[in-house]
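Below is one structure, written out as structure tokens, with a few remarks after it.
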Amino acid sequence: MKIINEAIDLVKENIRDYGMYIALFIIMFTFNLMTNGMFMSSRNISNLLDSAGYIAVLAVGMTLVIVIRHIDLSVGYVAGFLGAIAAMLLMQQGLPVYIVIPIILVLGLVVGLFNGFLIAQLGIPAFVASLAGMLIFRGALLQVTEGTGTIIVQNASFNALGNGFIPSLAQISERHLLTLIVGLIGIIFYFYGEFKTRHDKKKYNFEVVSNSIFVLKLVFVSAIIGYITWILAGYNGFSWTVVIVLLVTMVYHFISNRTVLGRQIYAVGSNPEAAHLSGINVKKITYLVMASMSMLATLSGILYTARLQSATTTAGMLFELDAIAAAYVGGVSSAGGVGKVTGAIIGAIVMASLTNGMNLLGVGISYQYMIRGGVLAGAVIFDVITRKKGK
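First residue of the sequence shown? That's 2 in the working numbering, and the numbers climb one at a time after it.
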């Protein structure tokens, strides 16, 4: 009984962190019941994660942008335009994939640095600067695709990024062996990270949860990782899209939690004036975050183009709104200074789960938009309430 009470108190004290996971569990459990198990089938979960991939990548960058109290409305059409440029370089110029992808990512960095210049150096509000960028890149996308309307990508290596799966070493009970191995490695890394974090907190006399709660958390999270891995292994295993999203998440999670740069980003978001007075170069942080955002938008465009195996005139439409919604659902605060990269990924999966589940149930598109809008409004209301309680 004691461990249950402690677990309840822990969730109440960290409701911002755990609330999104609870919401995701409820959504998945409900849709699975309503679809007679179809929602949690191997094929559907694989498709769900693949469809959420390009938005998840955007949401990671958008979280950091919102953390420093800015916004970037241009990311959708930056993704669409640079995805189209990638398609042109591949199909019209005949460049190989390993040349095209670095070129496109560098172009994304340049776009982000220009946005950072407008915001940090010229003092233009991020909303206005990125709105101008959205219109510019919308026009640029129409310009490069006006000849055919669609640029078909016939490159197996490139298209595999959006549709391919990691190779299978062998099949065990009709399960993808390499996927099972990757899942096991993920659990081992999770254990290592949790034990190291607990050790570091004890070393500096920070408060930690009891041993029983710690073990319960390890078992619970490991079971979730193992279950999802088992489901995916029953289809084609981990897709390259999922692998890329996991790599982006690990890199940005490390940067935001384990580096001086990460601490400076959150310091700037919490109080820009105080951060400046403490010696943090606020303009530099703005440059880096905006450049990172556009680079991730470029990666998102690559994944989307590869998934469709083509570049279209509508690529990137509403991507920025989906990314913002995923970031807020994932726990980022509208006041700045609060938000986690892992939360952005969960937020993207929550929004993708809603869309996927409603599609399986045959819910009309008009109702889908209203429901997703209600979820977003609920997430922001939840943020406001938790901030008031925290004061």
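Backbone N, C-alpha and C define an ideal beta-carbon position, used for all residues, glycine too.
Computed from a predicted structure; not experimentally measured.
Residue i to residue j, Cα distance in whole Å?
i, j, result
"residue 257", "residue 149", "42 Å"
"residue 56", "residue 286", "23 Å"
"residue 321", "residue 172", "40 Å"
"residue 299", "residue 152", "17 Å"
"residue 269", "residue 165", "40 Å"
"residue 197", "residue 21", "25 Å"
"residue 1", "residue 353", "Because the chain is modelled from 2 through 392, residue 1 falls outside the range shown and cannot be assessed."
"residue 133", "residue 351", "30 Å"
"residue 216", "residue 199", "12 Å"
"residue 260", "residue 71", "21 Å"
"residue 339", "residue 228", "30 Å"
"residue 59", "residue 319", "12 Å"
"residue 382", "residue 328", "14 Å"
"residue 161", "residue 143", "26 Å"
"residue 64", "residue 366", "27 Å"
"residue 263", "residue 341", "11 Å"
"residue 1", "residue 223", "Residue 1 lies beyond the stretch modelled for the chain, which goes from 2 to 392, so this question has no answer here."
"residue 233", "residue 46", "7 Å"
"residue 343", "residue 28", "18 Å"
"residue 135", "residue 127", "12 Å"
"residue 461", "residue 105", "Since the displayed the chain opens at 2 and closes at 392, residue 461 lies outside it and no answer follows."
"residue 296", "residue 33", "36 Å"
"residue 36", "residue 94", "47 Å"
"residue 231", "residue 181", "7 Å"
"residue 194", "residue 251", "12 Å"
The beta strand (DSSP E) that contains residue i, what's its start and end?
i, result
"residue 152", "151–153"
"residue 315", "Run containing residue 315: none; DSSP gives neither H nor E here."
Between which two residues does the alpha helix (DSSP H) containing residue i stretch?
i, result
"residue 260", "Note, residue 260: premise wrong, no alpha helix (DSSP H); not H, not E."
"residue 128", "127–146"
"residue 120", "Unbroken run through residue 120: none, as it is neither H nor E."
"residue 83", "76–92"
"residue 212", "212–234"
"residue 361", "342–362"
Taking only three categories from DSSP, how would you classify residue i?
i, result
"residue 70", "coil"
"residue 240", "strand"
"residue 172", "strand"
"residue 158", "helix"
"residue 40", "coil"
"residue 207", "coil"
"residue 334", "coil"
"residue 279", "coil"
Would you please state the rounded distance, in angstroms, between the beta carbons of residue i and residue j? I believe it to be under 8 Å.
i, j, result
"residue 331", "residue 347", "5 Å"
"residue 461", "residue 81", "The displayed coordinates of the chain run from 2 to 392. Any statement about residue 461 would go beyond what the structure contains."
"residue 239", "residue 183", "6 Å"
"residue 120", "residue 130", "5 Å"
"residue 209", "residue 218", "Contact flag wrong, Cβ pair sits at about 11 Å."
"residue 179", "residue 189", "Not confirmed; about 15 Å, so no contact."
"residue 98", "residue 311", "Residue 98 to residue 311, Cβ: 16 Å. No contact."
"residue 102", "residue 303", "7 Å"
"residue 187", "residue 226", "6 Å"
"residue 61", "residue 345", "5 Å"
Check whether chain D comes within 8 Å of residue i, counting only Cβ atoms and requiring the distance to be less than that.
i, result
"residue 225", "Looking at the structure shown, chain D is missing, and only one protein chain is on hand."
Does the contact criterion of 3 or more C-beta pairs under 8 Å hold for the region 103–118 versus the region 279–293? The answer is yes - the region 279–293 touches the region 103–118, with three or more Cβ pairs under 8 Å.
Tell me, please, whether the region 34–51 touches the region 354–372 by the rule of three or more beta-carbon pairs shorter than 8 Å. Yes, they touch.
Meets three-Cβ-pair contact criterion under 8 Å: the region 275–284 and the region 335–344: Short answer: they don't touch.
Three CB pairs or more closer than 8 Å across the region 80–95 and the region 302–318: They touch, by the three-pair rule.
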